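Visitor: First the structure, which I've put down as structure tokens, then a few questions once you've had a look.
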């Protein structure tokens, strides 16, 4: 395939992915926004008013960046895992794999599709968060950079989950038993300074901790983790997941009957 044909293949996959979640937007866009708004009301207004401050910030202002990142993570992940497994279940992924389309184009197409939904929901949640909390961007490059890398990484994670899944039940195992605990233990609702030396050190193996703190720094200017180290760690995780996902596509042992 020449470059023009590769672009057509890539853009076709991306358009299909975007059209897929936009066509059923009451199921894909509205519920996550409502869920995050409830988090703002319960943890921000009701509980937050009793907590007072966290890291010298009003609690709702502290927790808002983490809630926005939570929406980006879950929607980037869920879009790719459901879409790719659906194609795998219907056997049309085999047609795509045997076509002249390079595997890295297929991977990029699904990845950008997942990023589109994650970033779209994240943008809506950010606008709604302005009703609950007052904040201005402390660093635009850091904010944009970390949210793009986060949506990229979890889109790749969703694709890897979909490749290994053998049933629709399997695509809910990772979000339930891995993703949710990582989010809740990733500094969304608290500062890791509260954990002490041992549990604070254990938390450093959680990639979401780096994402949340970098995004919080970009929005309000505070962080528990060095920003450069946060980007390095997220970059390493992203490169590893991209390599694994591409290898699985090229191997195709779980994709071809």
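In this note's numbering, the protein residues as written are 1 to 257. Virtual Cβ for every residue (Gly too), placed ideally from N, Cα, C. Only a predicted model underlies this, so the values are computations on that prediction, with no experimental measurement involved.
#1: Quick one: is residue 65 buried, meaning 16 or more other Cβ sit within 10 Å of its Cβ, or exposed?
#2: Please report the residue range of the alpha helix (DSSP H) in which residue 190 lies.
#3: Taking DSSP as the reference, what is the three-state secondary structure of residue 204?
#4: Kindly identify the DSSP beta-bridge partner or partners of residue 53.
#5: Between which two residues does the alpha helix (DSSP H) carrying residue 141 extend?
#6: Would residue 220 and residue 135 qualify as a contact pair, given that the criterion is a beta-carbon distance under 8 Å?
#7: For residue 151, which of 235, 57, 243 has the nearest alpha-carbon?
#8: From this set, 204, 250, 189, which residue's C-alpha is nearest residue 53's C-alpha?
#9: In the DSSP assignment, the alpha helix (DSSP H) including residue 133 goes from what residue to what residue?
#10: Is it the case that the CB of residue 31 approaches a heavy atom of the ligand MG more closely than 7 Å?
#11: For residue 113 versus residue 17, is the C-beta spacing smaller than 8 Å?
#12: With a 10 Å radius around its C-beta and 16 neighbouring C-beta atoms as the bar for buried, classify residue 111 as buried or exposed.
#13: Determine the DSSP secondary structure at residue 223, reduced to helix, strand or coil.
#14: Where does the unbroken alpha helix (DSSP H) through residue 44 begin, and where does it stop?
#15: Which residue's Cα is closest to the Cα of residue 153: 4, 33, 130, 210?
#16: Can you give me the start and stop residues for the alpha helix (DSSP H) that residue 98 sits inside?
#17: Would you mind stating whether residue 126 and residue 68 have Cβ atoms separated by less than 8 Å?
#18: Going by beta-carbon coordinates alone, are residue 85 and residue 165 separated by less than 8 Å?
#19: Among 208, 107, 49, 202, which has the Cα closest to the Cα of residue 132?
#20: If you follow the alpha helix (DSSP H) that residue 28 is part of, which residue opens it and which one closes it?
#21: Here's the rule: buried if 16 or more other CB atoms are within 10 angstroms of the residue's CB, otherwise exposed. What is residue 253?
#22: Quick check: the Cα distance between residue 96 and residue 163, rounded to an integer number of angstroms?
#23: Excluding the 5 residues flanking residue 191 on each side, which residues of the same chain have their C-beta closer than 7 Å to its C-beta?
Guide: Judging by the given coordinates:
#1: Start at 1 with the first residue of the chain shown, and residue 65 comes out as number 65. Buried is the call here.
#2: Counting from 1 along the chain shown, the entry for residue 190 is found at position 190. No alpha helix (DSSP H) contains residue 190, which DSSP labels as neither H nor E.
#3: By one-based count along the chain shown, residue 204 stands at place 204. Here residue 204 sits in helix by DSSP.
#4: For the purposes of this step, residue 53 is taken as the residue at position 53 of the chain shown. Answer by DSSP bridge pairing, in chain order: 58.
#5: One-based indexing of the chain shown puts residue 141 at position 141. Counted as a single uninterrupted DSSP element, the alpha helix (DSSP H) harbouring residue 141 occupies residues 140-164.
#6: As a working mapping, residue 220 is identified with position 220 in the chain shown. As a working mapping, residue 135 is identified with position 135 in the chain shown. A contact, by the Cβ cut-off of 8 Å.
#7: Within the chain shown, residue 151 is the residue found at index 151, counting from 1. It is 235.
#8: For the purposes of this step, residue 53 is identified with residue 53 of the chain shown, where counting begins at 1. The shortest C-alpha separation from residue 53 is found at 189.
#9: Residue numbering aside, residue 133 sits at position 133 when the chain shown is read from its first letter. From DSSP, residue 133 is part of no alpha helix (DSSP H); its letter is neither H nor E.
#10: This structure does not include the ligand MG; it has no bound ligands of any sort.
#11: The residue labelled residue 113 in the question sits at position 113 within the chain shown. The residue labelled residue 17 in the question sits at position 17 within the chain shown. Closer than 8 Å, so yes.
#12: Position 111 of the chain shown, counting from 1, holds the residue named residue 111. Result: buried.
#13: Locating residue 223 in the chain shown gives position 223, counting from the first residue. Three-state DSSP puts residue 223 in coil, outside helix and strand.
#14: Looking up residue 44 in the chain shown gives position 44. From DSSP, residue 44 is part of no alpha helix (DSSP H); its letter is neither H nor E.
#15: The count along the chain shown starts at 1 and reaches residue 153 at position 153. When each option's Cα is compared against that of residue 153, the closest is 210.
#16: As a working note, residue 98 is residue 98 in the chain shown. Residues 92-98.
#17: The residue given as residue 126 occupies position 126 in the chain shown. The residue given as residue 68 occupies position 68 in the chain shown. The answer is yes: Cβ separation under 8 Å.
#18: Taking the first residue of the chain shown as position 1, residue 85 is located at position 85. Taking the first residue of the chain shown as position 1, residue 165 is located at position 165. Closer than 8 Å, so yes.
#19: Reading the chain shown from its first residue, position 132 is the one you call residue 132. Nearest option by C-alpha distance: 49.
#20: Working through the chain shown from its first residue, we reach residue 28 at position 28. 25-28 is the extent of the alpha helix (DSSP H) around residue 28.
#21: Stepping through the chain shown from its first residue, residue 253 is reached at position 253. Exposed is the call here.
#22: Start at 1 with the first residue of the chain shown, and residue 96 comes out as number 96. Start at 1 with the first residue of the chain shown, and residue 163 comes out as number 163. The alpha-carbon atoms of residue 96 and residue 163 are separated by roughly 14 Å.
#23: Residue mapping note: residue 191 aligns to position 191 of the chain shown, counting from 1. So the qualifying residues of the chain are 54, 55, 224.
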